[in-house]
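Notes for the one structure printed next.
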Amino acid sequence: MKLITIVGARPQFIKAAAVSREIAKHSDIQELIVHTGQHFDANMSDIFFEEMSIPKPDYNLDINGLGHGAMTGQMLEKIEEVLLIEQPDWVLVYGDTNSTIAGALAAKKLHIKVAHVEAGLRSFNMAMPEEVNRILTDRISNILFCPTDAAIENLEKEGYNNIDIRIEKSGDVMQDAAMFYTNIAKVPNVYLNDEFVLATIHRAENTDDFNRLRAIFESFEEIAKDIPVILPLHPRTANIIKREGLSAENVKIIEPVGYLEMVYLLEHCKLVMTDSGGLQKEAFFFKKPCITLRDETEWVELVSNGFNSIVGADKAKIVSAFQNQKYNLNFDVDLYGNGIASSNIVNSLLNF
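Remember, our numbering sits 2 above the position in the sequence shown when you count from 1.
Written as structure tokens, this is what we have:
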């Protein structure tokens, strides 16, 4: 079996690497990796691939820095060229990026089977480009690997039981990755208190809306009076804060960290505050409660089980969620497959 994996961002490489490690156990599977270049990342050097035990891409399309339409169109064109050369049996796509929908669409038009990892997730916010990408990718895939029961329920409500698409609960490959990388976590080059809150903020809905951004930073400042708040921050957001004169005197802002450093911070923090989808899950993997700085989440099981609270950008709600901290701390429940999602995916493809 010949399989082409399409990835376009560093988080997708980390997810795909978990599956690639499982694929490598099967001599009857040939995998080629295509990097669209969607998110240019200077950290993705040779050292990145070596440290993370991630196979280097066989193709690098170097498509980035464009608007959604132009980017997706160029990806579609270039991915199609690769598929015509390689003639794979399967195209494997991850998540909800422009690379995801471009890879699925290119394959579908060439009658190549498509497998979607992280299928069935919904924020129910069609203003999010990611929501559009994931819905369209689900609809044109041949097999949908769902990380959770909620994802399967979403598909059932949308009528997928009446469509010739296989739906499987695989578990979440991010838990596979978290378990693998725990053993090689790196200490970040920053002083850490015995207890601290780990915070991240990057979504445009927060960084590009001054009122939301101000409320979030005022909340961080308030919380930092009780416990240090460590905030790895993208330079773009840091520049916005500086330009707008937002107070961050008590918040410890540091440079963005690599995944292995982030794993270390997750292992040692007391609580996570984030607008990241992936970090919400990783907080659970590392047995930490999470306050989500968004108005909705795809990971509803974290909320329903008491591990996560959704507070948006409301200062009163953010501070209250921190001060009350009425979270479920019994993290033994199996929500994401306990680290065997990659094995489930590969075995399913072999037996399709």
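Idealized CB from N, CA, C, for every residue including glycine. Quantities reported herein were computed from a predicted structural model and do not represent experimental measurements.
Where serine 22 sits in the DSSP three-state scheme: Reduced to three states, the DSSP call for serine 22 is helix.
Classify leucine 352 as buried or exposed, calling it buried when 16 or more other Cβ atoms lie within 10 Å of its own Cβ. By the neighbour-count criterion, in which a residue is buried when 16 or more other Cβ atoms sit within 10 angstroms of its Cβ, leucine 352 is exposed.
Beta-carbon within less than 6 Å of lysine 317's beta-carbon, same chain only, minus the 5 sequence neighbours each way: which residues are those? Excluding sequence neighbours, lysine 317 sits near Ala217, Glu220 and Ser221.
Quick one: is arginine 238 buried, meaning 16 or more other Cβ sit within 10 Å of its Cβ, or exposed? Answer is exposed; the Cβ neighbour count stays below 16.
Beta-carbon contacts of serine 249 that lie in its chain and below 8 Å, excluding the five residues immediately before and after: Exclusion of the five residues before and after serine 249 leaves Phe219, Glu220 and Glu223 as the residues of its chain whose Cβ lies within less than 8 Å of its Cβ.
When we look at the beta-carbon of valine 335 and count the other beta-carbons within 10 Å, is it buried (16 or more) or exposed? Answer is exposed; the Cβ neighbour count stays below 16.
State the DSSP-derived secondary structure class of lysine 171, mapped to helix, strand or coil. Lysine 171: strand per DSSP, three-state reduction.
Check whether the Cβ atoms of glutamate 269 and threonine 150 lie closer than 8 Å to each other. Cβ atoms of glutamate 269 and threonine 150: not closer than 8 Å.
Would the region 166-178 and the region 126-138 be scored as touching if the rule is three or more Cβ pairs under 8 Å? These segments do not touch.
Three-state secondary structure (DSSP) at histidine 118? In the structure shown, the three-state DSSP call for histidine 118 is strand.
Please identify the residue among Asn66, Asn156, Asp48 and Ile87 whose C-alpha is closest to the C-alpha of threonine 99. The shortest Cα separation from threonine 99 among Asn66, Asn156, Asp48 and Ile87 belongs to Asn66.
Alpha-carbon to alpha-carbon, isoleucine 255 and isoleucine 400: Examination of residue 400 is not possible in this model, given that the chain is present from 3 through 354 alone.
Where leucine 63 and proline 57 are concerned, what is the direct C-alpha to C-alpha distance, given to the nearest angstrom? So the alpha carbons of these two residues sit roughly 16 Å apart.
Determine the direct distance from the alpha carbon of glutamine 282 to that of glycine 314, and round the result to whole angstroms. Glycine 314 and glutamine 282 have their alpha carbons spaced roughly 14 Å apart.
Nearest by alpha-carbon distance to glutamine 40: which of Val253, Thr102, Arg245 and Arg214 is it? Of the candidates Val253, Thr102, Arg245 and Arg214, Thr102 places its Cα closest to the Cα of glutamine 40.
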